[in-house]
Structure formats: C-alpha cells, structure tokens
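Participant: Taken in order, these protein sequences are the chains called A and B.
Read in order, the letters of the first sequence correspond to residues 0 to 402 in numbering that gives the first Met the number 0.
Read in order, the letters of the second sequence correspond to residues 0 to 402 in numbering that gives the first Met the number 0.
Glycine is no exception: its CB is placed at the ideal position from the N, C-alpha and C atoms.
Number of protein chains: 2
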Amino acid sequence: MLIVKKFGGTSVGDKERIFNVARRCIEDYKKGNDVVVVLSAMGKMTDELIAQAKDINPNPSKREMDMLFTTGEQTSVALMAMAMDYLGVPAVSLNAFQVAMHSTNKYGNARLKRIDTERIHHELDQRKIVLVTGFQGIDHYNNYTTLGRGGSDTTAVALAAALRADACEIYTDVEGVYTADPRKVKDARKLKEITYNEMLELATLGAGVLHNRCVELAKKHGVQIVVRSSLNTAEGTIVKSATSTEEKVAVGVAGDKDAARIAVLGVKNEPGVAFKLFNLLARNNINVDIILQSVGRDGTKDISFTVTEDMAQETVDVIRNNFARSKYKDIDVQTKVAKVSIVGAGMVSHPGVAAKMFQALYEDGINIRMISTSEIRVTVLVNEEDMEKAMNAAHRAFQLEAE
Amino acid sequence: MLIVKKFGGTSVGDKERIFNVARRCIEDYKKGNDVVVVLSAMGKMTDELIAQAKDINPNPSKREMDMLFTTGEQTSVALMAMAMDYLGVPAVSLNAFQVAMHSTNKYGNARLKRIDTERIHHELDQRKIVLVTGFQGIDHYNNYTTLGRGGSDTTAVALAAALRADACEIYTDVEGVYTADPRKVKDARKLKEITYNEMLELATLGAGVLHNRCVELAKKHGVQIVVRSSLNTAEGTIVKSATSTEEKVAVGVAGDKDAARIAVLGVKNEPGVAFKLFNLLARNNINVDIILQSVGRDGTKDISFTVTEDMAQETVDVIRNNFARSKYKDIDVQTKVAKVSIVGAGMVSHPGVAAKMFQALYEDGINIRMISTSEIRVTVLVNEEDMEKAMNAAHRAFQLEAE
Chain A
0 MLIVKKFGGT SVGDKERIFN VARRCIEDYK KGNDVVVVLS AMGKMTDELI
50 AQAKDINPNP SKREMDMLFT TGEQTSVALM AMAMDYLGVP AVSLNAFQVA
100 MHSTNKYGNA RLKRIDTERI HHELDQRKIV LVTGFQGIDH YNNYTTLGRG
150 GSDTTAVALA AALRADACEI YTDVEGVYTA DPRKVKDARK LKEITYNEML
200 ELATLGAGVL HNRCVELAKK HGVQIVVRSS LNTAEGTIVK SATSTEEKVA
250 VGVAGDKDAA RIAVLGVKNE PGVAFKLFNL LARNNINVDI ILQSVGRDGT
300 KDISFTVTED MAQETVDVIR NNFARSKYKD IDVQTKVAKV SIVGAGMVSH
350 PGVAAKMFQA LYEDGINIRM ISTSEIRVTV LVNEEDMEKA MNAAHRAFQL
400 EAE
Chain B
0 MLIVKKFGGT SVGDKERIFN VARRCIEDYK KGNDVVVVLS AMGKMTDELI
50 AQAKDINPNP SKREMDMLFT TGEQTSVALM AMAMDYLGVP AVSLNAFQVA
100 MHSTNKYGNA RLKRIDTERI HHELDQRKIV LVTGFQGIDH YNNYTTLGRG
150 GSDTTAVALA AALRADACEI YTDVEGVYTA DPRKVKDARK LKEITYNEML
200 ELATLGAGVL HNRCVELAKK HGVQIVVRSS LNTAEGTIVK SATSTEEKVA
250 VGVAGDKDAA RIAVLGVKNE PGVAFKLFNL LARNNINVDI ILQSVGRDGT
300 KDISFTVTED MAQETVDVIR NNFARSKYKD IDVQTKVAKV SIVGAGMVSH
350 PGVAAKMFQA LYEDGINIRM ISTSEIRVTV LVNEEDMEKA MNAAHRAFQL
400 EAE
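Structure (structure tokens):
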C-alpha cells in the first residue's frame with residue numbers, strides 16, 4: 000500500500016511530538032507500506048516568521064513572504080528526517096522544488112497545477128520514508144508560492160492523487176468530522192463517513208476540519224480522505240464520494256457568525272434593477288451569499304443579501320457610490336446575524352427537510368430572517384445571539400446525536 | 000558597473016544591521032550600478048539550527064543538515080528584500096535553486112561547479128537589486144548542499160566570475176587584511192593590496208580573513224576582491240594577481256597554534272623507509288605539513304613532521320598499528336608547538352629572507368625546532384609560548400609596520 004499521511008503544525012510543534020509522528024509513520028512503514036508524509040511548519044514558526052517580517056516591513060511583498068514562509072516546512076521535514084534516522088529508519092526530506100510541485104503564481108494563495116512523481120517514486124523504491132513540505136509550490140519561473148489556508152491538506156490530497164495512493168490520512172487536533180461543533184452542541188457525535196459534497200457544504204459554512212479547496216480536489220480525483228487525531232488512535236471520519244451506510248437525511252449542523260445582512264430598501268420596480276445591483280457587486284469582487292427579494296410598499300421592493308462581515312462597509316460604499324440614488328430609498332446593514340445550516344446528501348430524496356428545520360426553530364422561539372437552500376443544504380439567517388440555540392434545535396430535530 | 004557585494008552573518012544579525020546593509024547596497028544602486036548581494040545566515044541562526052538538529056539526533060545526516068541549514072540564508076535574503084522594498088528600492092531574493100548554483104554533491108563541503116546567470120541578469124535588467132543566498136548549492140539531483148567554511152565568500156567570488164562583475168566586495172568585521180593579527184602584534188598594519196598567492200599562504204596558515212577555496216577561485220578566474228568592513232567606510236584591502244606598488248619582501252606574519260610535532264625516533268637506515276611511512280599516513284588521510292629528517296644515533300635517523308593537533312593521536316595510532324615495530328625505536332608527540340610564518344611574493348627575488356628571520360628569532364632568544372619554506376613563505380616551528388614573541392620579532396625584522 001502507498002499511504003500519504005499529513006500532519007499539521009501542532010503535531011510537529013516540539014521534539015516529543017516530532018518523535019510521536021515519526022513513530023506513527025514508522026509503524027506503517029514496518030508493515031511494508033510505502034509512506035509519504037506531508038508536514039506543515041512547526042507550531043509557532045509561521046507566526047514568528049510573520050512577526051520577523053512585519054518588524055522589517057509592515058507591508059511585505061507577497062513574493063518575499065512566501066520565500067520566507069517556505070523555510071518553515073523545510074525545517075519541519077529536515078528535522079523529521081533526522082528523527083526517523085535516529086529511530087533507525089531511512090527517510091529523505093523534499094521541498095516543493097525537489098518534488099517539483101508546480102503551482103500557479105498567485106503568491107500567498109496559489110493553486111497546485113501538477114506534481115512530478117519521479118523523485119518520490121525513486122526514493123520510495125529505495126525503501127525510504129519520503130517527507131514532503133506541505134503548503135508550498137513553485138511557479139513557472141521557479142519562485143516559491145504558498146497555497147493559502149488549508150494548504151498542507153491540499154498538498155496531501157494532490158500528492159495522493161498524483162501518486163495514486165491507496166490511502167490519504169489527514170491528522171488533526173480533533174478526532175474527525177462531527178455532526179456539529181462540540182463546543183456549541185453538546186450532543187455532537189463523530190461521523191464515521193461523510194460525502195465530499197456534504198463536507199464541501201460544511202467547509203464552506205465555516206465548520207471545516209478540511210478546507211474546501213482540499214475537498215474539491217479530493218472529489219475531483221476520487222481521493223478517499225481519512226480525517227483523524229494525531230494525539231490518539233481513535234478511528235477518524237472517512238470522506239468519500241458516497242457513504243455506504245443507509246443514507247441519512249442530514250449529517251451535520253453548522254453555524255457561522257461571519258455574516259452581515261445588507262438590505263437595499265424601496266428599490267424601484269423596474270426590469271433589470273436586481274441584475275444591475277448584483278452585477279455591480281460582482282464587478283467589485285464582492286461575494287454575495289443568501290439573497291432575498293420581497294415586495295415593499297408603494298410598488299417598490301426590498302432586496303436583501305448577506306456578505307462576510309469584513310465586506311459589509313465596502314459593499315455599502317460600492318452601492319452608494321455607483322448605484323443611482325433615484326433607484327432606491329435606503330440601505331440597512333446588520334452585522335449581528337449568523338448563518339445556521341443543516342447539511343445532508345439524503346435531502347435530495349427526502350422532501351420536507353426545510354419545513355422540519357423551520358418548525359424546530361419556531362418551536363424554540365427563534366426568528367428566521369432569511370432562507371437559502373441547495374440540493375443538500377438548508378441555511379437560515381438568525382440573530383447572532385440565537386445561533387447556538389438554533390444549532391441545537393436543528394441537531395435535535397434531525398436526531399443527529401443518534402448513530 | 001556590475002558589483003557583487005557579500006555580507007556575513009553578523010552584518011545581518013538584527014533589524015538595524017539589515018537596514019544598514021540595505022542602505023549601503025542602495026547607495027551603489029542609486030549611482031546606476033547593477034548590484035548583486037550575497038548574504039549568509041543571520042548571526043546566531045546557524046548555531047540555533049545546529050542545536051535544534053542535535054536535540055533531535057546527535058548525529059544527523061549531512062544531507063538533512065544541509066536541508067536545514069539552507070533555510071538560514073533564505074531567511075536572510077527574504078528579509079533583506081523586504082527591507083529594501085521598505086526603503087523604496089525593488090529587490091528580489093533568490094536561493095541556490097532559483098539562481099541554479101550547481102555544485103558537487105559532497106554535503107557539508109560541496110564545491111560550486113557552474114552558476115546559471117540568466118535569472119540574475121533578467122532581474123538586473125528590470126533594475127532590481129538581486130539578493131542571493133550564500134553558502135549553498137544544488138547537486139545534480141536537486142539536493143541542497145552547503146559549501147563548508149567560508150562558503151558565502153566562495154559564492155560571491157563564483158558569482159562575480161560567472162557574471163563578469165566589475166567588482167567583488169567582501170564585507171567582514173575587520174577592515175581588511177593586516178600584516179599580522181592586531182591582537183598579537185600591536186604594530187600590525189592594514190595592507191592596501193595583497194596578491195592571491197600571498198593571501199593563499201596566509202589563509203592556509205590560519206590568518207585568513209578569506210578562506211583559501213575562495214581565494215583559489217578568485218585567482219583562477221582573475222576576480223579582484225576587496226575586503227572591507229561592514230561597520231565603517233574605511234578603504235579595505237585589494238586581493239589581486241600582482242600588486243602595483245614596489246614589491247616588498249614580505250607582506251605579513253602569521254601564527255598558528257593548531258600544530259603537533261610527531262617524531263619517529265631511531266628509524267632504521269634502509270632505503271624507502273621514509274617513503275613507506277608517509278605513504279601510510281597519506282592512505283589514512285593524514286595531512287602532513289613540515290617534515291624534518293635528521294641523523295640519529297647508531298646509524299639510525301629521526302623523522303619528524305607536523306600535523307594538526309586533532310590528528311595527533313590518530314597519527315600515532317596509525318603508525319603504531321601499521322608500521323613494523325622493528326623499523327623504529329620510539330614515537331614522540333609534542334602538541335605545545337606553533338607555526339610562525341613570514342609571507343611575501345617578493346621573497347622569490349630577495350635571497351636571505353630565511354636567514355633574516357632566523358636571526359631575528361635568535362636575537363630574541365627563540366628556539367627554532369623545524370623549518371619549512373616555499374617560494375613565498377618561510378615557516379618555523381617554535382614552542383607555543385614563544386609564538387607571539389616570534390611573530391613580533393619577524394614583523395619588526397621585515398619592517399612590516401612601515402607603509
């Protein structure tokens with residue numbers, strides 16, 4: 000078996016943890032498997048590098064930040080190779096250049112384009128454990144790039160796809176994917192399995208153990224991911240194309256406070272007004288989430304939508320400066336709102352999911368301000384202070400605590 | 000003009016020093032020059048990396064040490080680029096892989112083979128200051144290597160040669176090359192010029208501001224080096240093929256305590272015995288320096304030679320274990336000895352240099368134990384406690400304090 004294992008920064012934060020990871024990988028190696036290990040930068044190193052850079056230049060160029068950042072994972076893989084060597088197992092560390100992890104050239108947020116596998120296979124053929132730097136790539140001109148949030152997970156999945164690995168294990172500080180954030184919903188339960196699509200909805204909704212870019216890549220290449228804890232040997236959660244158990248209506252509940260509701264009130268009831276508004280926002284790179292259009296007074300209408308909180312002010316400015324004042328009466332902004340979603344691939348074949356959720360929230364006295372649905376998700380916008388209550392109500396209504 | 004400037008680890012040890020170096024380079028840049036800057040790892044970083052590695056594995060593999068070490072210079076160049084950017088001058092950092100500094104694959108002590116200049120020229124053409132990692136290379140298989148002691152100086156000279164630079168400036172914590180170590184000879188004087196060959200003799204003798212591999216490379220490619228201080232703007236010392244001033248007999252005095260004298264006593268007077276002895280040592284990678292053969296008692300002879308102090312015990316062991324006991328009477332080892340040398344290209348045409356040195360030492364009551372000469376050097380072995388006295392005597396005898 001060829002196994003790709005990925006460990007995050009906290010898993011390699013100090014000597015003891017480095018040896019823990021080393022032993023864990025060696026266990027698989029000694030069973031005769033080919034083992035490729037993807038590592039992030041050690042615990043606080045990334046923060047230290049940022050501090051060092053900002054001390055020199057409060058606004059450093061992204062290219063040079065990536066040049067600086069990539070030393071982090073290189074340190075991790077070199078030290079890990081030394082640890083494995085100390086434990087008597089041959090290992091070799093490789094960075095993005097040595098593997099040849101080709102990426103786009105968007106510094107700080109690049110995408111992997113192509114991974115050469117020749118060097119890795121060569122080292123595996125010599126029965127070495129291969130340690131690969133996560134999070135980093137090289138662009139067409141050999142500049143270092145970094146992959147943005149969740150980058151090392153993406154590296155692991157991309158490597159698993161390129162190497163046609165038999166398993167891709169992502170080790171993290173939680174035991175797997177839960178039906179809800181256990182800090183917010185006390186009955187939350189670890190899932191045995193979840194589909195890519197469900198995981199994507201959860202990731203997008205901020206409940207993400209895995210970043211959605213990583214899940215998208217896994218889905219595209221059919222890479223089955225196991226998410227599990229680096230601290231214990233509990234079974235984790237398998238992320239795959241279809242779950243084998245009887246399809247449940249819902250697998251999880253997510254809450255996300257990073258939302259603001261913008262309402263454009265008293266919009267003239269002319270054809271194309273809504274199109275013009277959203278076209279304007281798109282041209283200004285403002286991502287709009289839930290949209291609601293309602294009939295207002297005097298034949299006008301109200302158009303509401305949500306954006307992330309940090310975009311709220313910019314959104315208002317863009318509308319005020321570019322949208323003819325005669326077309327609408329006023330703009331209202333509310334940031335104390337939260338999105339609560341219920342996700343499940345089974346929804347497609349189970350009508351009445353939305354109604355069941357609305358009922359549960361209604362019974363708990365929670366006011367729903369907006370609604371949005373996809374094939375496998377129902378999202379409602381509620382007041383921020385109601386978020387956890389709404390999550391618990393939905394979790395209970397769909398009996399997510401039960402196996 | 001294309002100028003290559005090299006700054007060592009102490010010159011980039013903290014924020015203030017980084018900005019000092021940045022301003023110094025920008026000064027040349029603003030005069031319209033193309034500027035390439037070679038940097039070492041920041042002050043204590045290399046020591047910290049070694050400590051980190053040894054904590055994991057007391058005997059780390061050289062390949063992985065090089066993988067770890069190379070993060071040091073990469074950090075320096077990235078931070079320097081940010082500093083220059085902050086000062087409003089475009090800069091780009093490049094590591095051994097991005098430049099393509101091809102080296103042999105002897106980890107920890109590689110030699111540069113070939114440097115690609117395309118990327119550097121491309122960046123210079125865009126009027127950027129180019130910051131290059133010193134000390135590192137990549138082997139044929141894209142593994143990182145490091146160049147051993149004085150590696151960053153070698154990088155600078157090799158780059159100057161490859162780029163056909165108009166100047167190669169090596170900044171250090173001393174103001175240049177002196178006639179002797181100022182801590183040992185108080186009349187020591189900074190030299191305006193010195194030849195490659197003189198510099199090589201001084202470097203080999205441990206008086207080296209520059210490592211001899213770097214000087215050899217400069218000599219081979221005719222790269223004129225200026226050694227000067229990173230702390231002030233004093234004129235430095237020019238290292239070149241022939242000095243323009245009237246040739247002086249001697250340019251410098253060097254002392255080196257890292258020597259041990261081995262005496263093989265009562266060696267049988269047979270043909271080939273000396274050959275067999277030194278052949279044995281060569282096969283065991285023991286470098287022998289000064290050799291003296293003298294007639295002993297009863298038709299036997301005594302063969303004495305020097306090695307570095309750390310090789311003394313091994314040398315004795317090799318002889319004891321491999322050289323037939325019947326061929327000699329005894330072995331004597333003395334470690335409390337030092338080499339004192341006078342160096343100067345002018346010696347070739349000035350007979351009597353050795354005699355003048357012997358006389359100076361004799362007049363100061365210093366006992367000479369062994370003698371060795373080359374075309375441009377006279378070396379004597381003295382008792383360790385006499386070293387500084389001998390250096391001062393020689394310095395005075397050749398009037399090195401005078402311009």
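1) Since ASN56 of chain B meets chain A, which of its residues come closer than 7 Å, beta carbon to beta carbon?
2) Shortest alpha-carbon distance to PRO59 of chain A belongs to which of B:GLU72, B:PRO57, B:SER92?
3) Could you check the C-alpha separation between GLN431 of chain B and LEU380 of chain B for me, to the nearest Å?
4) Beta carbons nearer than 7 Å to chain A: which residues of the region 52-76 of chain B have them?
5) With which residues is GLN51 of chain A paired in a DSSP beta bridge?
6) Examine chain A for any beta-carbon lying closer than 8 Å to the beta-carbon of LYS105 of chain B, and answer yes or no.
7) Could you tell me whether the Cβ atoms of ARG182 of chain B and LEU399 of chain B are closer together than 8 Å?
8) For GLU168 of chain A, count the other beta carbons within 10 Å of its own beta carbon; 16 or more makes it buried, fewer makes it exposed. Which is it?
9) What's the C-alpha gap between PRO270 of chain B and ILE367 of chain B?
10) Kindly identify the DSSP beta-bridge partner or partners of PHE134 of chain A.
11) Using a C-beta to C-beta distance shorter than 8 Å, which residues of chain A count as neighbours of ASN211 of chain B?
12) Would GLY254 of chain B and MET390 of chain B be called neighbours here (beta carbons separated by less than 8 Å)?
13) Measuring only between beta-carbons, confirm whether ASN283 of chain A sits less than 8 Å from chain B.
14) For CYS167 of chain B, which residues does DSSP report across the bridge?
15) Looking at C-alpha atoms only, which residue of B:ALA155, B:GLU402, B:ARG212, B:TYR106 is the closest neighbour of ASP138 of chain B?
16) Express the C-alpha separation of THR236 of chain B and MET100 of chain B in angstroms, rounding to a whole number.
17) Along chain A, in chain order, which residues have C-beta atoms closer than 8 Å to that of PHE96 of chain B?
18) Per DSSP, what kind of secondary structure is TYR143 of chain A in: helix, strand or coil?
19) Closer than 8 Å, CB to CB, is LYS43 of chain B near chain A or not?
20) Going by DSSP, name the residue or residues bridged to VAL332 of chain B.
21) For LEU162 of chain B versus LEU111 of chain B, is the C-beta distance shorter than 8 Å?
22) State yes or no: is the beta carbon of LEU279 of chain A nearer than 8 Å to at least one beta carbon in chain B?
23) For ILE17 of chain B, which residues in chain A fall below 8 Å Cβ to Cβ?
24) Answer with buried or exposed for PHE6 of chain B, where buried requires no fewer than 16 other C-beta atoms within 10 angstroms of its C-beta.
25) Which residues in the same chain as HIS220 of chain A place their Cβ atom closer than 6 Å to its Cβ, once the five residues preceding and following it in sequence are excluded?
26) Roughly how many whole angstroms lie between the Cα atoms of TYR327 of chain A and ARG319 of chain A?
27) With a threshold of 8 Å between beta-carbons, can LYS14 of chain B be considered close to chain A, or not?
28) Out of A:VAL226, A:MET356, A:VAL222, A:ALA217, which one is the CA nearest neighbour of LEU190 of chain A?
29) Taking the continuous alpha helix (DSSP H) assigned at PHE397 of chain B, which residues delimit it?
30) Going by the CB atoms, is the gap between ASP331 of chain A and ALA259 of chain A shorter than 8 Å?
31) By the three-class DSSP mapping on this structure, what secondary structure does MET369 of chain B have?
32) Would you check if there are 3 or more beta carbon pairs closer than 8 Å linking the region 127-144 of chain B to the region 75-95 of chain B?
33) Any chance you could list the beta strand (DSSP E) runs of at least 3 consecutive residues sitting entirely within the region 94-132 of chain A, in chain order?
34) Which ranges does the alpha helix (DSSP H) cover as unbroken runs of at least 4 residues, wholly within the region 293-355 of chain A, from first to last along the chain?
35) Among B:LYS218, B:VAL238, B:LEU199, B:GLN292, which residue has its Cα nearest to the Cα of ASN211 of chain B?
Facilitator: By the coordinates alone:
1) MET81, ALA82, ASP84, TYR85
2) B:SER92
3) Summary: the structure shown does not reach residue 431 of chain B, with chain B confined to residues 0 through 402, and so no result is reported for it.
4) ALA52, ASP54, ILE55, ASN56, PRO59, SER60, GLU63, MET66, LEU67, THR70, GLN73, THR74
5) Note: GLN51 of chain A sits in no beta bridge, so no partner.
6) no
7) no
8) buried
9) 29 Å
10) In DSSP, PHE134 of chain A forms no bridge with anything.
11) Near ASN211 of chain B there are no residues of chain A at all, since even the closest Cβ is about 30 Å away, more than 8 Å.
12) yes
13) no
14) B:VAL3, B:ILE224
15) B:TYR106
16) 28 Å
17) PHE96, ASN141
18) strand
19) no
20) B:ILE261
21) no
22) no
23) ILE55
24) buried
25) ALA160
26) 10 Å
27) yes
28) A:VAL226
29) Premise fails: PHE397 of chain B is in no alpha helix (DSSP H) and is neither H nor E.
30) no
31) strand
32) yes
33) 100-102, 111-114, 128-132
34) 311-321
35) B:LEU199
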